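Asker: Below is one structure. I have some questions about it.
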Amino acid sequence: MPDSYSFFRPLLAADKHWAALDWCYASPDPTDASDLARCFVDAGAAPLARLMPLVMRIDPRWLSDSEFIEKFEANQAIFVLPAAALDDGQAIELCAGLRRKGRHLALQLDHAERIKAIPRAAFDHLQVDATLARYELSLLDWRDLERNALRKIATGVGSLDAFEWLAARHFDFSDSSFVTIIDPTSGGEPDLARLKVLRLLSLVIQDADTREIEEVFRQEPRLSYNLLRLVNSVAVGAKTRISSFNQAIALLGRRQLQRWLQLLIYADQLAHGNKPNPLLQLAAARGRQMELLAATLDSGSDAREIGDAAFMTGIFSLLDILLKMPMREILSDLPLPSDVAAALALRQGTLGALLAVVQAGETRDFAQAKALLSSLEISPAGHATAQIGAFYWAARISSER
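FYI, the numbering for the sequence shown is 24 to 424, going by this note's numbering.
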């Protein structure tokens, strides 16, 4: 089983869909090759890596470890080598050999002068910090990059403006850290459709009368359309066509209706059309990861109830970013269970600790995440498995929208 904690973070394509996962380690340097290989196998990461490759830093010495390399199919991994590998003739030769076999190799760029020295036969990707790319590369450097036809991976993307600048320069993968930062250039008012969903959630959580819930659907045609489309889909499996809100709500059930609304509040169909939505995917991944992590705890309570509370906490943890409202103001309008509210507002209790773990991993505060995971007695294997399961689930949710 893995001996050290791993953390996975989505990388975005230019259109903001999840295109790859950045595999990070709690320690500053890559851990042991066999530890990574075990983590990949034990966490069941192969199906996820077939959807989007894992971008992983490796030690140049691992290039000759065929057992490690062959744990991954050719398109499941992009192996990233440090810039110093350019000075290692043996490493360059091994990279070139792996490239001939269809493997993907990336070089970390630490300064512009190295661009001309990159051997095209050894690398097909370049990993570069967003600040270096924007402020230190000259026009000639960009021409050299285009000539080499290297696919580009951006790290340290701290704002939407930086992401859009990189996308305009044809970066293939970009760090998604900016997704959880409110864009100061966007409008300050939440849209009414999302507030309608929030009202619906409040009614469902309070177990309100079905007629009250129906009335909200009647006031919002787009919500009505989405509900009827869902209940008449193959996934729900209605035996006869559903045409009334009462039938739709009864078929889904309150629990599934609540989960659907929790995801729908993030969906761009409510405002801007059906397009990639990284905030929706991240919220879904947070909710599912917390649900899976909660299942590993010896809580002594009803497992389904704890799982639902964990999922709700993760899903709602980004509402302040989405709605551009303080979390306390949002919570005042939602009659949430006390443990969920305490977790969202103050990071209190077990749910608060689980949310803090997820957020620390996203912000690269790996020391804090590791300390919290240890205090919760969540093993590296259990943590990795929960992350892989959550990202796979969120990726599938997005593809089925």
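In this text, a Cβ means the ideal position worked out from N, Cα and C, and glycines have one as well.
Bear in mind that the values here come from a model prediction, so they are computed numbers and not experimental data.
Express the C-alpha separation of Gln-304 and Gly-330 in angstroms, rounding to a whole number.
Answerer: Answer to the nearest angstrom: the Cα atoms are 19 Å apart.
Asker: Buried or exposed: His-193, going by 16 or more other Cβ atoms within 10 Å of its Cβ?
Answerer: Looking at its Cβ environment, which holds fewer than 16 other Cβ atoms inside 10 Å, His-193 is exposed.
Asker: Quick check on DSSP: helix, strand or coil for Asp-164?
Answerer: Helix.
Asker: By how many angstroms is the C-alpha of Ser-225 removed from the C-alpha of Ile-401?
Answerer: Approximately 32 Å, taken between the alpha carbons.
Asker: Should Ser-197 go down as buried or exposed, given a rule of 16 or more other Cβ atoms within 10 Å for buried?
Answerer: By the 10 Å Cβ count, Ser-197 comes out buried.
Asker: Let me know if Val-103 comes out buried or exposed under the rule of 16 or more other beta-carbons within 10 Å of its beta-carbon.
Answerer: Under this definition Val-103 is a buried residue.
Asker: Mind checking who Trp-41 pairs with in its DSSP beta bridge?
Answerer: Note: Trp-41 sits in a beta bridge opposite Leu-35.
Asker: Do Gly-375 and Ile-338 have their C-beta atoms closer together than 9 Å?
Answerer: No, the Cβ-Cβ distance between Gly-375 and Ile-338 is not below 9 Å.
Asker: Taking the alpha carbon of Thr-252 as the reference point, which residue from Cys-47, Gln-242 and Ile-265 has its own alpha carbon closest?
Answerer: What sits at residue 252 in the sequence shown is Arg, not Thr. Taking only the C-alpha atoms, the option nearest Arg-252 is Ile-265.
Asker: Which one or two residues does DSSP pair with Ser-29 in a beta bridge?
Answerer: DSSP, once it has assigned bridges, lists Tyr-48 as partnering Ser-29.
Asker: Using only alpha-carbon positions, find the residue among Ala-271, Ala-307 and Arg-157 that is nearest to Tyr-248.
Answerer: Taking only the C-alpha atoms, the option nearest Tyr-248 is Ala-271.
Asker: Whole angstroms are fine: how far does the CA of Arg-217 sit from the CA of Glu-314?
Answerer: For Glu-314 and Arg-217, the distance between alpha carbons rounds to 24 Å.
Asker: Alpha carbon to alpha carbon, how far is Phe-63 from Lys-393?
Answerer: If I take the Cα positions, the gap works out to 19 Å.
Asker: Can you tell me the Cα-Cα spacing of Ala-413 and Arg-419, whole angstroms?
Answerer: Spanning the two alpha carbons is a distance of roughly 10 Å.
Asker: Is the beta carbon of Ala-306 sitting closer than 9 Å to the one on Leu-346?
Answerer: No, Cβ-Cβ distance for Ala-306 and Leu-346 is not below 9 Å.
Asker: Would you kindly work out how many angstroms separate the C-alpha atoms of Asp-232 and Leu-183, rounded to a whole number?
Answerer: Distance between the alpha carbons of Asp-232 and Leu-183: 42 Å.
Asker: With DSSP collapsed to three states, give me the class of Asp-321.
Answerer: In this structure, Asp-321 counts as coil in the three-state DSSP scheme.
Asker: Could you give the residue range of the beta strand (DSSP E) that holds Ile-176?
Answerer: That run of the beta strand (DSSP E) goes 174–178.
Asker: Does DSSP classify Leu-130 as helix, strand or coil?
Answerer: Of the three classes helix, strand and coil, the one that applies to Leu-130 here is strand, per DSSP.
Asker: Tell me the residue span of the beta strand (DSSP E) that contains Arg-80.
Answerer: Run containing Arg-80: 77–80, per the beta strand (DSSP E) assignment.
Asker: Among the residues of its own chain, which have a CB less than 7 Å from the CB of Ala-106, if the five just before and after it don't count?
Answerer: Taken in chain order, the residues that qualify are Leu-130, Gln-131, Leu-132, Asp-133 and Arg-137.
Asker: Grab the span of the beta strand (DSSP E) containing Gln-150 for me, first residue to last.
Answerer: That run of the beta strand (DSSP E) goes 148–152.
Asker: For Ala-100 and Met-350, what's the separation of their Cα atoms in angstroms?
Answerer: Each residue's Cα considered, the two are about 38 Å apart.
Asker: Which of the three DSSP states, helix, strand or coil, is assigned to Ile-434?
Answerer: It is not possible to answer for residue 434, since the shown part of the chain is limited to 24 through 424.
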